Each structure stands twice: as structure tokens, then as C-alpha cells.
Amino acid sequence: MSISGTSLGRRQFLAASAGAALAATALPGCAASVDDGSSGGGSGSGKTTTLTVMSTDDEKKVFQAAGKALGIKINFVGNDATKLNAMLAAKNPPDIVRGLGATDTPYFAARGLMADLDPYFAKSSVLKASDIDPVNDVWRFDGEKQGAGPRYGMAKDWSQDQMLWYRTDMFEAAKLDPLSETEPLSYDELLDLGRELTKRRLGKVKVYGLSSSGLGTFTQLMGMTASAGGSLFAEDLLTVDFSSPEALKALQWYLEYAQADIGPNVANPNPDGWDWPTFQAGRMAIASDGYWFGGAIGGDAKVAKVSRFAPAAQLGSNRISPCFGATGYWIPKDSKNKDAAWKLFEAYFGGKPAEDRAAGGWGIPSLKSLRSKMPQDTAFQKQAFKVQEEELKHFSVLTFTPYTQLTALDAVINKVLPKAIKGKTSAGKVADQLNSLMNEQIAKGKEALG
Amino acid sequence: MSTGQLTDQAAGTGTSATSPSRPPAKTPRRPAPLRIRRARAFYVFTVPWVIGFLALTAFPLGYALWLSFTNADGLSPNTRFVGLENYREVFSDPETMDSLWRTGVFTAITVPLGILAGLLLAVLVNQPIRARGVFRTLLYLPAVVPPVGAALTFKLIFDRDSGAANGFLDVFNVNGVSWLVDPYARWVLIMLTMWTVGNGMIISLAGLQDIPRELLEAARVDGASPWQSFSRITLPLLSPVIFFQVVTGIIGSLQTFAPLLMSLSPTPAGVTGVPESNYFFMIHVFAQYFANGRYGYASALLWVLFAIICVVTFLIFKLSKGAVFYSVEPEQAKSKPRTIGDAR
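Respectively, the protein sequence lines represent chains A and B. Those letters in the first sequence? Residues 32 to 481, by this note's numbering. Those letters in the second sequence? Residues 132 to 475, by this note's numbering.
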């Protein structure tokens, strides 16, 4: 319809709307690409640099204070994996991103999404190579394995995630001896302890004897298999193998644990999503969580009084105590403000925020020089520190595949295991199912990666 | 020079090509014809929506369509065109078909149940009873609670070891039930869906109040029983309202995300913990996008769902002919509507 020369026709109107819509879609990307002083980090150019930081809400004030000291404005975005994926796909990522070094690094690095921080580390007078804890090697990836190659990020703090926290009051009530501070339990012993400590009434578990979930089932099975001397991943990281004797042993143990119904598991997940509320309420005797859990315990004097730390249990003779998180931060390759981001990164990892974190007890500092700041005021803190120092000797890096994300593998576990737990399927059959579904998933990831 | 331009020059300016130096004579500006003004107003008011539609609906739809023909994972550099491979996988993947079947069953249960319960409550609170307003408010309140809040509350109530539901059973020495895992999780989800039945109640109540009293009174005078009045007068006159609820209910139910809200957390990690009986189509889509990083396949799933919704809606419209009675025939709406400024 052409109304007249002075009015807008329907076609013109639709064309103009489409143009405006495209502009509206493209503008955010253009706006983000405006470099407002990337070489600075301060206000030298007369403009204030704005950095987008994606992290959890508890870190918002920390970053804002660090940014203020550097003259950098912080645009804070809450941690959200879906949003991060969208921002990365749109090549408009945050400048600093929170992530799990142990499992995120291979996936993002292999896709060329992480900035190589080696040149920055080489020049830094704050973060010196000799001071960086070896755990930060999980943030390195050479294209084939973790622990080598460029450094893509750094852990804010870390823990050996299969260590054990237990409540002495419950052990005393059950007339059980406290756990050794140096010698690890075997997984069979741990299962027996869990059974003894569990209290039930009318089909409900009133007190969980043992929570074995930690940071997820796949990583737990990965650590158990390694402690039995095997490996879930093939050397080329293109397949998993749950059928090896070591992996089968780990799987068998987990099925027994879940069928015994002595703690949260994939068939009966903890509604809180983590162990602390249940542990604090006196409804959990042993929690398989790393040193970081002590941060929560330290906030409750009553629970601190009855809490003790113990080494990670072992499935075999290959004593290891891995870290599955090494939660920290990385700078995306497409960040428009890498230099300023590095300044903030340095301040966060080497400045006051790092000292405060070390003293907070929520993890082992990722700089060796800060280790002396770990809390040792109360009896529980002293004991935890002593046990942790001893356990450090057994730390090792377990390489994760770059071809898929941990969530995809945990999804397979959550699909297969609940049926197996209820149906009492044999570990061998479960292993075959896991192999088939996970390897298919990894193959698709490999195909997309090229 | 186009005819239009010539016409403009002749009619608007009064100048001619033979006298370029003469300044145009100023004539009082005539207001644009009403039809043009109305058209302008129409475009001015609709342009924000059209831009929003193009940027936030048409563009994403088109982009998702393109993705559906690739093996994109959103992040990898080597995205490849795979043709109809993703669509072939949609129809051969048992997990997809199972999730679609579960969604269909859930829809078949919750939509009629929700409409029936809403209608029943509407009939009840339409009675001339004391404190009717209070009852209406109380019954509608749960629908106002944000879905996330309602889901969290349900999780706490139905937790196996510390939830109120098992606490209640405990009083009677009855064994606790694992409500939030299979096979009970589906029923908890249906209860959660029914929790918002107040929405349907309000719509049905509005429909009930629109029914002329005289019709019901005439029926009563003629000796009709309450059931006869309800089934012969109320229900037929409510049929457009019920039809509306059927259509929107089915579309909403096919797209439901409620199971994700009841999982550990509405995140890619949380989606992996959704019990199998609540693993619906949209949960599968979310898992494919964000847990498995299969953007291409997930986009194909979404387009298939879009097609299913279109077909289902078309069938409902076709099948409802003769079952829905409008007090004003919809055909009448096809005639030219009267608008403001109409000279008639």
C-alpha cells in the first residue's frame, strides 16, 4: 500500500523496522567493542575504564573495592553459565570470568576462548612464578593435557576435594575412634563408618552417616579410579572407560554407597545442594569436602568445636588427593580490556583481597607466600591446618577432557545411575551404558571442535 | 521523474518547470487527509512492537533455524553445515521421543484438570456466600507467588528427610516417601502445577459473571434443574472462555520449565538432576543447549516443538468447531470495524 508521497508505505515501514531491529541487535555488540582505555586501567587517558566481571554475588564488593583502588569501574554480572556461553558466542565476553580451573580450562582453552596470560605473568612483580602454588597448573593446557602449556587463569584458593570433615560428637555417641590425621581410610572402611553413623526412622534418614558427593559424581569417580591406579579418561582424552578394573571398583563402591542410603546421592540428592546446612544441623556425620568447608565451619563456634579434618580416603594403593575445583578467574581472549583486566587480576590475586581470603579459611591460598596467613587460632583450625599441610604431599593434577563439559558427563551419570541403584543393575552393565553415552557425547564435542 | 513527483509538484507547490526563478506562492498548509493521519498514527504506535518482534522474535527464530542445520556448540570455531542431520536425530533419538511423550502425558493430565478445577472453584466463589471476596483472594493468592518461590516451597515440603509431608506421615507412624525422585516426582510436579489453578478460576469467574442472569432465571422458571441450567446454559456460554484456556494451557504446558525449578538449581548443572519422569521436552532442549553444548541439535528441537505447537493449535481450532458458542459470531468481526473518527 502506498498511501501517498508524504506517508510511509507498508513495505517501507517494514523495511525501516527491520533495519532498526537489526541495528538494535547489533548495537550492544558495537557498544561493547568501544575501547575506552584498554591500555590504561586507570584514569590516565581521562576516561574511566569499565571492566565487566562475571562472578558470584559474594565477590561483588571485593571486585568493586579493588577496582576503585585502581580507578576502574566494575560492571558486575552474576555468575551464570548460560549467559557466559551467550556472551562468548557473541564475542562480547566479560573481561574477567569466574570458573572451575580443573574442569573448565581444557574446554574453553581448546576452543581458543581464553587469553594466554603467560606474557602478563612474565612481567608481573606481584604474581611471581616461584610463588605460584602448583595447583594453578590446572589452569594450564597445552592442547593435549592439563598441567603444561600456557597459563590461562589462576585459582583464587583451592582444596583437595576428597578429604573428610567429621563430627566428633557423633563419633563419640557411636563409640567410634576419631580418624587418623595422616593415614587415609580405605573406601570400604569409610562405607562401614557411614553405615554405623546413619540413623533412621520410618524409612527416613534422620542422620546421614556419610556424604560422598563432594563436587559431583563424575569427578568423584575420576578421583577414586585414580587412587586405585587407573584412569577414567583414555590418554587422548577422547573416550572414558568405566570397564577397567579400577573404574569398575569405583563404580561398584558408589552403587553400594547409594543403595545403602546413608547419604545424599544421585538417586536421593541433597535438597540444599551442598553439605553445610545438613552438617551444621547435626544431621551429617562425615562430609567429603575439601579444606574450604572449614570456612563455613569457622563461622559457627559450636560446630567448630566438634569438627575435625581427615585425609582423603583411598580406593587402592596409589595415594592421591586431587583438586576438582581450583575455582578462580580467567580473562577471555575477546576481552576488549585485557591490560586493565590484568591489573585487576593482579590486585585480586596478589593484593589485599588475596590476604583476606587466605585468612578467611575458605581454601588454601594459591600463592605459597600467603599460606602462613591461613587461620590457626582455634583448635579446629590448628588441626585442619596440620592435616592439610600433610595432605599437600599427595596432590596431583587429573586431566579433564577438552571435548565436553563436566555437566554433560554428570548428566549421563544422573540418567543412568538412579535406575541402576533402584534396579540393582550390575556395575558391569552400568559401566557399559556410561561408556556408550559418554563416549558418544565426547565424540560429538570432538567433531564440533574439529 | 515519476508521475507521483509530477503530481506533487502540480498539486502541492503550484510551480511549473517553465518558471524556475519565481518563488513558490505560499498557500495555507492543508491538513493531511484523515486516512493518512490514521495510517501514520497506526505506524507510530506499532513501530516499537514491530521492532521488538523483528529483533527479539523473528531474528532469533531465523538464527535458530540456521543453527539447526549446523553442528554448532556455540563456542567451537569449526561450525559445519550438517543439512537435515539434526532433524533426523530428533526423530530417531529415543530420549527426545520419550521426553515428548512425557510432555504430552503431562499436558493431557494437567490441562483438563486445571480447567476443571478452576471452573469448579469459579462456580463456588460465584455463589452468593458470606466473605466471598476473601475466598476469591485466598484461592487466587497462590497464583501470584512467583514460580521459583512456589517450587522452592514444594521442595522443602516434599523433602524426604526433613520435609513437612513426611513429617505429617511420621505422626501416624507411616514410612516416609521419596517424593522428589521417581516415581513420585511427577505427582509432586502436577500438584505444583495445580497450585496456580487460581489463574483459571479468575478467567472462568469473569466468564460466569458475563452470563446474563435473565437466562438462568428464565430456565429456573421453566423448571430446569441446577444441573440442566449449568449444562445447557452456563457451559455453552462459557465455551469460548474454556476454549481460550485449552489453547493457552496446551501451549504453556508443552513449553513448561517447571521441573527445572524443582531441581537442585535452574542451571546447566541443575538440569542434570531432573528426575526422569519430569524430564520434559523443554528440559531436554535446555540440557542440549547448556549442559551438552549442542546448539545445533537443540535449535532443531525447538523448531520441531514450534511446528508441533502450530499443528496442535490448528487441530484444536478445527476440532472445536461446533463446540464453542460465541454470543457474537466471530465472522462478524471480519466486517470492517468501526474506528474513532469514522464519519458514520
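We treat Cβ as the ideally placed atom computed from N, Cα and C, and that holds for glycine. If you're wondering where the values come from, they're calculated on a predicted model, not measured in any experiment.
* Given that Asn349/A touches chain B, what residues does it touch there, using C-beta distances under 9 Å? -> Under the 9 Å cutoff, chain B gives no residues; its nearest Cβ is about 29 Å from Asn349/A.
* May I have the straight-line CA-CA distance separating Lys477/A from Ser217/A, to the nearest angstrom? => 36 Å
* Report the rounded CA-to-CA distance for Thr284/B versus Val334/A, giving the unit in angstroms. => 27 Å
* Asked: Counting pairs of Cβ atoms below 8 Å between the region 242–254 of chain A and the region 408–423 of chain A, do you hit three or more?
  -> no
* Output the boundary residues of the beta strand (DSSP E) element that contains Gly109/A. => 103–109
* Cβ-Cβ separation, Ala316/A to Arg232/A (assumed contact under 8 Å), whole Å -> Wrong, their Cβ atoms sit about 16 Å apart, outside the cutoff.
* Contact list for the region 207–226 of chain B against chain A, Cβ threshold 7 Å -> The region 207–226 of chain B vs chain A, Cβ under 7 Å: Ser207, Pro208, Asn209.
* Does the beta carbon of Val128/A come closer than 8 Å to any beta carbon on chain B? -> no
* List, in order along the chain, the chain A residues whose C-beta lies closer than 7 Å to that of Pro399/B? -> Ala112, Thr113, Thr438
* Buried or exposed: Val161/B, going by 16 or more other Cβ atoms within 10 Å of its Cβ? -> Contrary to the premise, residue 161/B reads as Arg rather than Val in this sequence. By the neighbour-count rule (16 or more Cβ atoms within 10 Å), Arg161/B is not buried but exposed.
* To do: Return the Cβ separation of Ile103/A and Ala298/A in integer angstroms, given the expectation that the two are a contact with Cβ distance under 8 Å.
  => At roughly 47 Å, the Cβ-Cβ gap does not stay under 8 Å, so Ile103/A and Ala298/A are not in contact.
* What is the rounded straight-line gap between the Cα of Leu158/A and the Cα of Trp373/A? -> Between the alpha carbons of Leu158/A and Trp373/A lies a distance of about 11 Å.
* Where does Phe456/B sit, in a helix, a strand or coil, going by DSSP? -> coil
* Partner residues on chain B for Val236/A, Cβ-Cβ distance less than 7 Å -> Asp292
* Who are Met185/A's beta bridge partners in DSSP? -> Tyr360/A
* Asked: Using Cβ-Cβ distances below 7 Å, what residues of the region 285–318 of chain A are close to chain B?
  -> The region 285–318 of chain A vs chain B, Cβ under 7 Å: Ala298, Asn299, Pro300, Pro302, Gly304.
* **Whole-angstrom C-beta distance between Gly424/B and Gln436/A, which should lie under 8 Å** => Right, the Cβ-Cβ distance comes to about 6 Å (below 8 Å), so this counts as a contact.
* **Secondary structure of Phe376/A, DSSP reduced to three states** => helix
* **DSSP state of Leu468/A mapped onto helix, strand, coil** => The three-state secondary structure of Leu468/A, taken from DSSP, is helix.
* For Leu272/B, count neighbouring C-beta atoms within 10 Å of its own C-beta (all shown protein chains included) and say buried if the count is 16 or more, exposed if not. => exposed
* Minimum C-alpha distance to Ala410/A - residue among Phe380/A, His425/A, Lys336/A, Gly392/A -> Lys336/A
* Asked: Could you give the distance in angstroms between the alpha-carbon of Pro150/A and the alpha-carbon of Ser258/A?
  -> 36 Å
* Quick one: Cα of Ala179/A to Cα of Leu346/A, how far? -> Here the alpha carbon of Ala179/A sits roughly 27 Å from the alpha carbon of Leu346/A.
* Looking at chain B, which residues of the region 456–479 of chain A have a Cβ within less than 9 Å of any of its Cβ atoms? -> Gln472, Lys475, Gly476, Glu478, Ala479
* Three-way DSSP call (helix, strand, coil) for Tyr390/A in this model -> First, the amino acid is wrong: residue 390/A is Ala here, not Tyr. Residue state, collapsed to three classes: helix.
* For Ala195/B versus Trp434/B, is the C-beta distance shorter than 8 Å? -> With respect to Trp434/B, Ala195/B sits close: the two C-beta atoms are nearer than 8 Å.
* **7 Å CB neighbourhood of Gly73/A in its chain, flanking five on each side removed** => In this prediction, Gly73/A scores a pLDDT of 44, lower than 50, which makes its location untrustworthy; no coordinate-derived value is stated.
* Per-residue DSSP class, three states only, for Thr324/B -> helix
* What are the boundary residues of the beta strand (DSSP E) that includes Lys235/A? -> 235–242
* Asked: Tyr197/A lies in the beta strand (DSSP E); which residues open and close that run?
  -> 195–198
* On the premise that Trp323/A lies in contact with Gly184/A, defined as a C-beta separation below 8 Å, what is that separation, rounded to the nearest angstrom? -> Incorrect: roughly 18 Å between the Cβ atoms, too far for contact.
* Using a threshold of 8 Å, state whether the C-beta atoms of Tyr426/B and Ser230/B are closer than that. => Ser230/B sits away from Tyr426/B, with the two beta carbons spaced by 8 Å or more.
* Asked: With distances taken between CB atoms, is the gap from Gly401/B to Ser394/B smaller than 8 Å?
  -> yes
* **Proximity to Asp111/A [Cα-Cα], best of Ser262/A, Thr136/A, Met194/A, Arg129/A** => Arg129/A
* Residues that Arg171/A bridges to, as DSSP identifies them -> In the DSSP output, where bridge partners are listed per residue, Arg171/A has Arg182/A.
* Proximal residues of chain B, C-beta to C-beta of Arg198/A below 8 Å -> Near Arg198/A there are no residues of chain B at all, since even the closest Cβ is about 17 Å away, more than 8 Å.
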